[in-house]
Amino acid sequence: MIKAFAERPEFEIPENLKPFLISAIHGHTEDAIHLSFPNYPNGFPVFINVYGSYPILHLNGRVTRAPSTLNLAGQIYGEIPKIEIQGRFGQIGFLMHPTTPYYLFHLPGNLLLNSWSAIEEISPKNTTELFKALDSCQDPLHRLPILMHYLEQLIPCRLSPVPWLDQSLTEIYECDGLLSIKELSERAGLSLRHFRRLFIKIIGIPPKFFCKVVQLNTIFESINNANTEKIHHLAYDCGYYDQAHFINDFKKLIGDSPEKFLNSKYAYVKTYLGRKGS
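If you're matching positions, the sequence shown starts at 1 in the UniProt record's numbering and goes up one per residue.
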């Protein structure tokens, strides 16, 4: 079985990386397994080192093996991918801020959508020493400082900030996704169409969908922290005053009703969802 799909290990992110990283994550299996599980959107790109068996991505009838032991996974939109594991599996790395692939890797989010990219193919810096250090590290948790050091080396060459986008994301998080995209675009000084186009280009997904992801993941964060399944009470606290509306949004994002999901064999995946300190 999967012992922990995406737990948050105790790891302090340094000040210079806090604008780019949300939290460290670590997951692994105790023994060899063969299973597949849905990979739901949580609004964060992932910088992840896999060890043991390579995960396999199933999406739109296509089957893709993780291209490397170190990958950058983009946003999820349109379809719910499934990840298949055959053998013993482990992953360790970081959930990234939505703008990090653009700022540090110089990659627009729409190019990373629903996919994994090998770091050695997209990195602005040579990765030879990085992979040597990872290969020589036996304890997975000791790989976090190695990954962090690599990311710190990317900061001097980061792309210039996009102030209106940074401010828009801050407002979305502060409001738990409950705000008007039209008003957000007006505060950014952009037409709604231009705002949406640039948001999709840099983040990878439409702003309205991103807000829904933030709203529902706020609920999951409460579930994970409170260890409760009174999900409708939490939904009300997070701005859903109509139960039917909440269930409809939940089904769009997760593919099933809240009760069915929390009682399904995939319920453990909820630990991967949530705000993670954003």
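Note that CB positions come from ideal geometry on N, CA and C, so glycine has one too. Since we're looking at a predicted model, the values are computed, not measured.
In the structure shown, the three-state DSSP call for Gly109 is helix.
Rounded to whole angstroms, the Cβ separation of Phe20 and Met96 is 6 Å, and the two are in contact under 8 Å. Fewer than three Cβ pairs drawn from the segment 63 to 72 and the segment 16 to 36 lie within less than 8 Å of each other, which leaves the two stretches out of contact. Secondary structure note for Arg158: it is in no alpha helix (DSSP H), with a DSSP letter that is neither H nor E. By the neighbour-count definition (other C-beta atoms within 10 Å, threshold 16), Thr170 is an exposed residue. Under the three-pair Cβ rule at 8 Å, the segment 32 to 39 does not count as touching the segment 145 to 162. Lys201 is a Cβ neighbour of Pro108, given a cutoff of 8 Å.
Residue pairing by DSSP places Ala118 opposite Asn71 in a beta bridge.
The Cβ atoms of Gly27 and Gln75 lie no closer than 8 Å to each other. Under the three-state reduction of DSSP output, Tyr40 falls in the coil class, being neither helix nor strand.
Per DSSP, Leu134 is one residue of the alpha helix (DSSP H) stretching across Thr128 to Asp135.
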